[in-house]
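A.B. asks: Can you read through this structure? Questions will come right after.
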Amino acid sequence: MNDTLTLADVTRDPSLLTAALHTGDGTPFTGRALLADDAPALGRYFDGLSQAVRDMYAPHPLNAEHASQMCGELNYENLLPFLALIDAPLPQDVAAYFLLHIGLHDGDRRRYIDHGHPLIDEQCCTLAPCVADAWLSRGLGSGLFPHVAASVRRLGHKRIVLWGGVREDNPRAQHFYRKFGFRHVGGFAAGGVSNLDMVLDL
566 MNDTLTLADV
576 TRDPSLLTAA
586 LHTGDGTPFT
596 GRALLADDAP
606 ALGRYFDGLS
616 QAVRDMYAPH
626 PLNAEHASQM
636 CGELNYENLL
646 PFLALIDAPL
656 PQDVAAYFLL
666 HIGLHDGDRR
676 RYIDHGHPLI
686 DEQCCTLAPC
696 VADAWLSRGL
706 GSGLFPHVAA
716 SVRRLGHKRI
726 VLWGGVREDN
736 PRAQHFYRKF
746 GFRHVGGFAA
756 GGVSNLDMVL
766 DL
């Protein structure tokens, strides 16, 4: 699991990023890259999320239509989505979705420069995680994140940046990130909401 990979390797064989994992309470699950035929399962997952979870997630719409679009336009060179899949209540039921953007978004890049902490695109991936309501506070994210971070390392990247930061009024998420070594580098406001920028050095 420590051998280096390229995104071309992953495109040829996405199973290179598949791992058998466990939640904090010992429930087994599979962590792997999103595949083209995952649209129905991902759509069910998106449509089943509560408004509270949706309010914390900004990168894209969380609905079945967007799931179909994503799976139909998969390009790991740009976006590398990871899923946590549990075999209950449905086989290969999606319990979490961690979206990785390869590189930096312009807004994130500019903010880090303003914070006095400029980043290099080629060294970075940008993360937007989302865990299903039923699996919050059960150690699922803590089971999946180390696999995602190890995959980023294998792909030769040195830092993980939070996509659009994390909301200041979301202490649970901040605790999660700090647990894994993310550090706060600055704050900003967007749409009347205060946010924190955090980065993990791998």
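For the sequence shown, this note's numbering gives the first residue as 566, with consecutive numbering after it. Think of the CB as a built atom: it goes at the ideal place given N, C-alpha and C, for glycine as much as any other residue.
Among all the DSSP beta bridges, which residues are the ones paired with VAL659?
C.D. replies: For this step, residue 659 is matched to residue 94 along the sequence shown. According to DSSP, which records beta bridges pairwise, VAL659 is partnered with LEU650.
A.B. asks: If you pair each beta-carbon of the segment 733-747 with each one of the segment 660-676, do three or more pairs fall below 8 Å?
C.D. replies: Counting Cβ pairs under 8 Å, fewer than three are found: no touch.
A.B. asks: Does ARG676 come out as helix, strand or coil in the three-state DSSP assignment?
C.D. replies: Taking the sequence shown and counting its residues from 1, the one referred to as residue 676 is at position 111. Note: ARG676 maps to helix in three-state DSSP.
A.B. asks: Taking C-alpha atoms, which residue in LEU709, ASP658, TYR662 and ASP652 lies nearest to TYR622?
C.D. replies: Taking the sequence shown and counting its residues from 1, one reaches residue 622 at position 57. Checked all of LEU709, ASP658, TYR662 and ASP652; the closest Cα to TYR622 is TYR662.
A.B. asks: Here's the rule I'm using: 16 or more other beta-carbon atoms within 10 Å means buried, otherwise exposed. How should ASN760 be labelled?
C.D. replies: The residue given as residue 760 occupies position 195 in the sequence shown. So ASN760 counts as buried.
A.B. asks: I'd like the list of long-range same chain contacts for VAL717, defined as Cβ closer than 8 Å, with 5 residues on each side in sequence excluded.
C.D. replies: Translated into the one-based positions of the sequence shown, residue 717 becomes position 152. So the list reads LEU665, CYS690, ILE725 and LEU767, once near-sequence residues are dropped.
A.B. asks: Can you have a look at PRO646 and say buried or exposed, based on whether 16 or more other CB atoms are within 10 angstroms of its CB?
C.D. replies: Residue 646 sits at position 81 when you count from the first residue of the sequence shown. Buried is the call here.
A.B. asks: For MET635 and ARG748, I'd like the C-alpha separation in whole angstroms.
C.D. replies: Numbered from its first residue, the sequence shown carries residue 635 at position 70. Numbered from its first residue, the sequence shown carries residue 748 at position 183. Roughly 31 Å separates the two Cα atoms.
A.B. asks: How many angstroms separate the CA atom of HIS845 from the CA atom of ALA617?
C.D. replies: Past the boundaries of the shown model lies residue 845; the chain is included only from 566 to 767, so the question cannot be answered.
A.B. asks: So, with DSSP's three-state summary, where would you put SER615?
C.D. replies: As a working note, residue 615 is residue 50 in the sequence shown. If DSSP states are grouped into helix, strand and coil, SER615 belongs with coil.
A.B. asks: Out of curiosity, what's the CA-to-CA distance linking LEU709 and HIS631?
C.D. replies: Residue 709 sits at position 144 when you count from the first residue of the sequence shown. Residue 631 sits at position 66 when you count from the first residue of the sequence shown. Rounded to whole angstroms, LEU709 to HIS631 spans 23 Å at the Cα level.
A.B. asks: For the segment 675-724, which segments carrying the alpha helix (DSSP H) assignment without a break, of at least 4 residues, lie completely within its bounds, in sequence order?
C.D. replies: Here the runs fully enclosed are 705-719.
A.B. asks: Please report the residue range of the alpha helix (DSSP H) in which PRO593 lies.
C.D. replies: Working through the sequence shown from its first residue, we reach residue 593 at position 28. Element bounds for PRO593: not the alpha helix (DSSP H) but the beta strand (DSSP E), 593-598.
A.B. asks: Within its chain, find whatever has a CB closer than 6 Å to the CB of VAL713; leave out the 5 residues flanking it on each side and keep chain order.
C.D. replies: Translated into the one-based positions of the sequence shown, residue 713 becomes position 148. The answer, listed in chain order, is PHE647 and PHE663.
A.B. asks: Identify which residue in ASP673, GLY756, GLY613 and ALA738 has its Cα closest to the Cα of VAL659.
C.D. replies: Against the sequence shown, residue 659 aligns to sequence position 94. Looking at the Cα atoms, GLY613 is the closest of the given residues.
A.B. asks: For THR569, count the other beta carbons within 10 Å of its own beta carbon; 16 or more makes it buried, fewer makes it exposed. Which is it?
C.D. replies: In the sequence shown, residue 569 corresponds to position 4, counting from 1. When all chains shown are included, THR569 counts as exposed.
A.B. asks: Which term fits GLY591, buried or exposed, when burial requires 16 or more other beta carbons within 10 angstroms of its beta carbon?
C.D. replies: To locate residue 591, count along the sequence shown from 1; it is residue 26. Label assigned to GLY591: exposed.
A.B. asks: In the structure shown, what three-state DSSP assignment does LEU586 receive?
C.D. replies: Here residue 586 refers to the residue found at position 21 when the sequence shown is read from its first residue. Strand.
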